[in-house]
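In what follows, a single structure is set out as structure tokens and then discussed.
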Ligand code: PGA
């Protein structure tokens, strides 16, 4: 099963995950991190920036982003090219040449998925993939109904996702209708999945992904097909778990050598 770690706050989650990533990077400076956008991973990036301030060198790390909007210019402040540069590449001191984001240019979108898959394959894949979950259960931008075998491709955003993301734009109409996203099959190739969820608004989605049936209707449930998954939630997001007490027990009794 996925390991489920319940912590008090998003900040505590960020510290826990960043410590683990820092240890992996110290061990393997050419580590490959799968990065996500949205609010959820921000505490991890903040904690990684503190690790950097304390001496961690991330300049050898390669990063692959999960997704991008289609049709937003790369220099638009809410394009994921811009968001990743602002929230990840610059504060963590990554080498921009090693940071990859899918090509959301509408003129070249027909081949963008294939090109991103080829880049991932040529690099040798992702060691640790950070993931958030949408209130509709999506991971990356794989909306409900996405094939569990899907690869990087164009998707049409649901009304729920566009409404959830409207807070980043001046008006809801400005949220793009399409995106390019790593597929569920792509995500499942990463060596370790770290799925984060914070706040009561995510309680249903994360409980369904972890404890419900594996189904394309809940793309987050794909984590049940992966052999190394860590789910890190705060107390509010843990409210929907049936087995919360068991997860706490397991984590409290975890052998120290196992790490995350
Ligand atoms: P959020 O989005 O982190 O901004 O809540 C998560 C997601 O849509 O995957």
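In the working numbering, the protein residues as written are 159 to 418. We put the CB at the ideal spot given by N, CA and C, even for glycine.
In the displayed model, residue 310 falls within coil according to three-state DSSP, outside both helix and strand.
Here residue 223 carries a strand assignment [DSSP, helix/strand/coil]. Selection 336, 215, 261 evaluated against residue 232 yields 261 as nearest (Cα-Cα). The region 204 to 216 and the region 305 to 313 do not touch, with fewer than three beta-carbon pairs separated by less than 8 Å. Closest by C-alpha distance to residue 200, out of 186, 281, 249, is 249.
In the DSSP assignment, residue 373 is bridged to 376.
Around the C-beta of residue 331, fewer than 16 other C-beta atoms lie within 10 Å, and the residue is accordingly described as exposed. Residue state for residue 289 is assigned as strand, using DSSP reduced to three classes.
Taking the C-beta atoms as reference points, residue 319 is found nearer than 9 Å to residue 292. Straight-line spacing of the CA atoms in residue 324 and residue 270 works out to 25 Å. In the DSSP assignment, residue 161 falls outside any alpha helix (DSSP H) and lies within the beta strand (DSSP E) extending over 161 to 165.
Bounds of the beta strand (DSSP E) holding residue 191 are 190 to 193. For residue 388, the enclosing beta strand (DSSP E) begins and ends at 387 to 392.
When 380, 392, 362 are compared, the shortest CA-CA separation from residue 400 is found for 362. Put simply, of 211, 237, 281 the residue whose alpha carbon is nearest the alpha carbon of residue 189 is 281.
Counting of Cβ neighbours within 10 angstroms places residue 221 among the buried residues, the total reaching 16 or more. Distances taken from the Cβ of residue 191 to the heavy atoms of the ligand PGA include none shorter than 8 Å.
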